[in-house]
Amino acid sequence: MIPIDLIQKTAESLMDKAAIEIPEDYLDGLKKAAETEDGDLSSFVLKAMLENYEAAKEDRRAMCGDTGVPRWFVKLGNDARVEGGMCALETALRRATASATNGVPLRPNRVHPLWRTDHNNNVGIGAPEIEYGFEPEGEWIDLITVHKGGLFGTDYRMLFPSDGIQGIKRFYLDSLMAFGKRGLACQPAIIGIGLGGSKDICMTLGKRASVLRTVGSRNSDPRIAEMEDEFKELGNSIGMGAMGFVGKNMVIDCNIEVGYCHTGGMPMSVHAFCLSSRRAVARIYPDGRVEHRTDPDWFTPYQRRETVEWDPMREAAE
Amino acid sequence: MKPREIRLSTTPTPEAIAELRLGDIVYLDGLMYTAREGVYMRALEDKANIPMELPSESAANFHCSPAARINADGSFDMGAVTATASFRFAKWLPEWMEKTGAKLIIGKGGMSSKDYKSYFVPNGAVYLSTVGYGTGALLGRGVENVEAVHWNEELGLAQAMWVIRCNKMGPFIVASDMNGDCLFERENAKIAQNIERVYEGTKPAVLKRYGESDDRSDEVI
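Residue numbers (the working numbering), protein chains in the order written: chain B, 1 to 318; chain Y, 1 to 221.
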């Protein structure tokens, strides 16, 4: 049984880490970008961002004033049990979100879409989002918080098989051009592409590709991994850098995730995880151990499984 | 070439503004206030009295909601500060500038050269863009003090009018000048030369969308 108090305490510390500490994989990616950048203004912007991450850590203040919309991804090993059950878990995550909003402080971004009422704590109807995943073994629970920022950089389109790879490229470039100008997407970003699924899952896949995979990771399908390399380079060949200034760094990495879709369609979504790619992860065990990390490690072979059964297939592979 | 760095008052003289060139890096000293849609609607549409002497106290309007809190004893804690996209506020800005004498509009992404020419230049105002976006922690360091928070009860923390004393707050980038030229449009034009090459071989989508045609009598297939 995983103690509920430990879940809330850990969740609070994750909120703090996500807001303040840029993940190492993104930081390394941005440092490399800063080394290669030769546009005067883009280069200035990247250097300022690198200083900003240092300032945030030194002062323990949020790295960006728009602290995004806090959300949670929860993954449970199949044998995990939470004290008080899953509703207690959701309450703990809502409490942690509210208390960290006041504590760090974060910007209370969440308001009612029509009445614009603000609880000043980032909690409300459907907020924070809590999404779940499971793994076949383990008694642990993974808490992942992502504070994705920005109103720009995301788009969806229903493409068709006849659109092909060239159609996918066109929509990808359109999204980068549309939201890259004036830096609305807060690039260079981790671009996530969702291909397939139903309409809502297509958006989910793309979002998860951008926020739940690290810079440098590659899809386990080698042909998709090749596309990721190609699309990263394509995005960086536009000639646009940070803030939409002339430059060569628009995409820190491009991650693609796929899901089976309707035979007639090829839905596609594009997402940009910005210069403040805020994510933090911890695994909690029933004995009270807490292990912090920055890689959500969401897309395991189990998450990408294609078959009806799981265990028999794995045994066959062994 | 390294950009030029300049320190500027939040109640700048016309000469100091005329000096600014597109792409200059600016650091601000003096009082600055946040105002976005909530403040604009309250002041301009609901005709509420603006709770500051403008522009004598400050001519710097920041499109920003800070990551901040009001403590139980009434004091303030401000962590990170960054801007929100300004193009959405074009509806209110001409009247706001006229009413408040704002000379520095500070935000994210700038406005169009049409906005600059039609009401920035006539009001002697320029646009400063935040950097990144966003350098929230660096800008937070430039906040010497939070002097007041107006209209928090009416508008909430994110939309309230925060009055900030700046001490070398920055960096900001000069994104418009007294010609009404736009830094972002200048950069767009340079990048545009490359578009054809990047798009080579790609195909328009089989299913169109409205917006790709503005004629609603058209079909999308």
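The beta-carbon is built from N, C-alpha and C at its ideal position, and this holds for glycine as well.
Only a predicted model underlies this, so the values are computations on that prediction, with no experimental measurement involved.
Beta-ladder partner(s) of Y:V81, from DSSP: Here residue 81 of chain Y refers to the residue found at position 81 of the second sequence. DSSP output for Y:V81 lists no bridge partner at all.
CB contact below 8 Å: Y:V131 versus chain B: Counting from 1 along the second sequence, the entry for residue 131 of chain Y is found at position 131. Yes, Y:V131 counts as interfacial toward chain B.
Contact residues within the segment 40-73 of chain Y, judged by C-beta distance below 8 Å to chain B: C64, S65, P66, A67, A68, R69
First through last residue of the beta strand (DSSP E) which encompasses B:C87: As a position in the first sequence, residue 87 of chain B is number 87, starting the count at 1. Element bounds for B:C87: not the beta strand (DSSP E) but the alpha helix (DSSP H), 85-103.
Of the listed residues Y:E57, Y:I70, Y:G156, nearest to Y:T10 (C-alpha basis): In the second sequence, residue 10 of chain Y corresponds to position 10, counting from 1. It is Y:E57.
Any non-hydrogen atom of the ligand MG closer than 7 Å to Y:L31 Cβ: As for the ligand MG, it is missing from this structure, which has no ligand bound.
Cβ contact (3+ pairs, closer than 8 Å) linking the segment 159-175 of chain B and the segment 61-69 of chain Y: no
Under the three-state DSSP convention, the category Y:N152 falls into: Mapped onto the second sequence, residue 152 of chain Y falls at position 152. Three-state DSSP puts Y:N152 in a helix.
Option in B:F171, B:P70, B:W72, B:T67 with minimal Cα separation from Y:K208: Position 208 of the second sequence, counting from 1, holds the residue named residue 208 of chain Y. Nearest option by C-alpha distance: B:F171.
Near-chain B residues of the segment 183-200 of chain Y - C-beta to any C-beta below 7 Å: F184, E187, N188, K190, I191, N194, V198, Y199
Interface partners of Y:R141 on chain B, CB under 8 Å: The residue you call residue 141 of chain Y lines up with position 141 of the second sequence. In chain order: A55, D59.
Same chain only: Cβ atoms within 6 Å of B:V290, ignoring 5 sequence neighbours per side: Numbered from its first residue, the first sequence carries residue 290 of chain B at position 290. Cβ neighbours of B:V290 beyond the five flanking positions: T10, A282, I284.
Close-in-space but distant-in-sequence residues of the same chain around B:T36 (CB under 6 Å, 5 per side omitted): Looking up residue 36 of chain B in the first sequence gives position 36. Within the same chain, B:T36 has no close Cβ partners at all.
Members of the segment 245-269 of chain B that neighbour chain A once the beta carbon cut-off is set at 7 Å: Among the protein chains of the structure shown, namely B and Y, there is no chain A.
Where the beta strand (DSSP E) through B:C254 begins and ends: What you label residue 254 of chain B is simply residue 254 of the first sequence in a count that begins at 1. From DSSP, the beta strand (DSSP E) with B:C254 extends over 251-259.
Where B:K181 meets chain Y, residues with beta-carbon distance less than 9 Å: Numbered from its first residue, the first sequence carries residue 181 of chain B at position 181. G109, F184, E187, N188, I191, listed in chain order.
Cβ neighbour criterion (16 or more within 10 Å) applied to B:T294: As a first step, residue 294 of chain B must be located in the first sequence, where it is residue number 294. Buried is the call here.
C-alpha gap between B:Y260 and B:P267, whole angstroms: On the first sequence, residue 260 of chain B is found 260 positions in, with the first residue counted as 1. On the first sequence, residue 267 of chain B is found 267 positions in, with the first residue counted as 1. B:Y260 and B:P267: Cα-Cα distance of roughly 10 Å.
8 Å CB neighbourhood of Y:N30 in its chain, flanking five on each side removed: Taking the first residue of the second sequence as position 1, residue 30 of chain Y is located at position 30. The residue you asked about is not Asn; residue 30 of chain Y is Gly in the sequence shown. Excluding sequence neighbours, Y:G30 sits near S9, T10, T11, S58, A60, R165, C166.
B:C87 at chain Y interface by Cβ criterion, 8 Å: Along the first sequence, read from residue 1 onward, the residue named residue 87 of chain B stands at position 87. So, not an interface residue.
Chain-ordered neighbours of B:E233 on chain Y, where CB pairs are closer than 7 Å: What you label residue 233 of chain B is simply residue 233 of the first sequence in a count that begins at 1. What B:E233 touches in chain Y: nothing, since even the nearest Cβ is about 11 Å away.
6 Å Cβ shell around Y:A175 - same chain, five flanking residues per side excluded: The residue labelled residue 175 of chain Y in the question sits at position 175 within the second sequence. G110, Y127, S129, L183.
Burial state of Y:K91 (16 or more Cβ within 10 Å): Here the question's residue 91 of chain Y lines up with position 91 in the second sequence. With fewer than 16 Cβ atoms within 10 Å of its Cβ, Y:K91 is classed as exposed.
Any C-beta of chain B under 8 Å from that of Y:M1: Locating residue 1 of chain Y in the second sequence gives position 1, where the first residue counts as 1. Cβ-Cβ to chain B under 8 Å: yes for Y:M1.
Whole-angstrom C-beta distance between B:E137 and B:W72, which should lie under 8 Å: Stepping through the first sequence from its first residue, residue 72 of chain B is reached at position 72. Stepping through the first sequence from its first residue, residue 137 of chain B is reached at position 137. Their Cβ separation, rounded to whole angstroms, is 22 Å, which puts B:W72 and B:E137 out of contact at 8 Å.
Interface residues of chain Y facing B:M240 [CB-CB closer than 7 Å]: Translated into positions along the first sequence, residue 240 of chain B becomes position 240. The answer, in chain order, is I191.
Y:V26 at chain B interface by Cβ criterion, 8 Å: Within the second sequence, numbered from 1, the residue matching residue 26 of chain Y stands at position 26. Not one chain B Cβ lies under 8 Å of Y:V26.
Cβ pair count under 8 Å reaching 3, the segment 188-203 of chain Y against the segment 137-155 of chain B: no
Euclidean distance between Cα positions of B:R305 and B:I256: On the first sequence, position 305 is the one that residue 305 of chain B refers to. On the first sequence, position 256 is the one that residue 256 of chain B refers to. Their Cα atoms are separated by approximately 16 Å.
Exposed unless 16 or more other CB atoms sit within 10 angstroms - verdict on Y:M230: Outside the shown range of chain Y, which is 1 to 221, sits residue 230 of chain Y, and nothing can be said about it.
Length of the line joining the Cα atoms of B:D200 and B:G192: Position 200 of the first sequence, counting from 1, holds the residue named residue 200 of chain B. Position 192 of the first sequence, counting from 1, holds the residue named residue 192 of chain B. Between B:D200 and B:G192, the C-alpha separation is close to 15 Å.
Contact the segment 36-46 of chain B vs the segment 34-54 of chain Y: 3+ CB pairs below 8 Å: no
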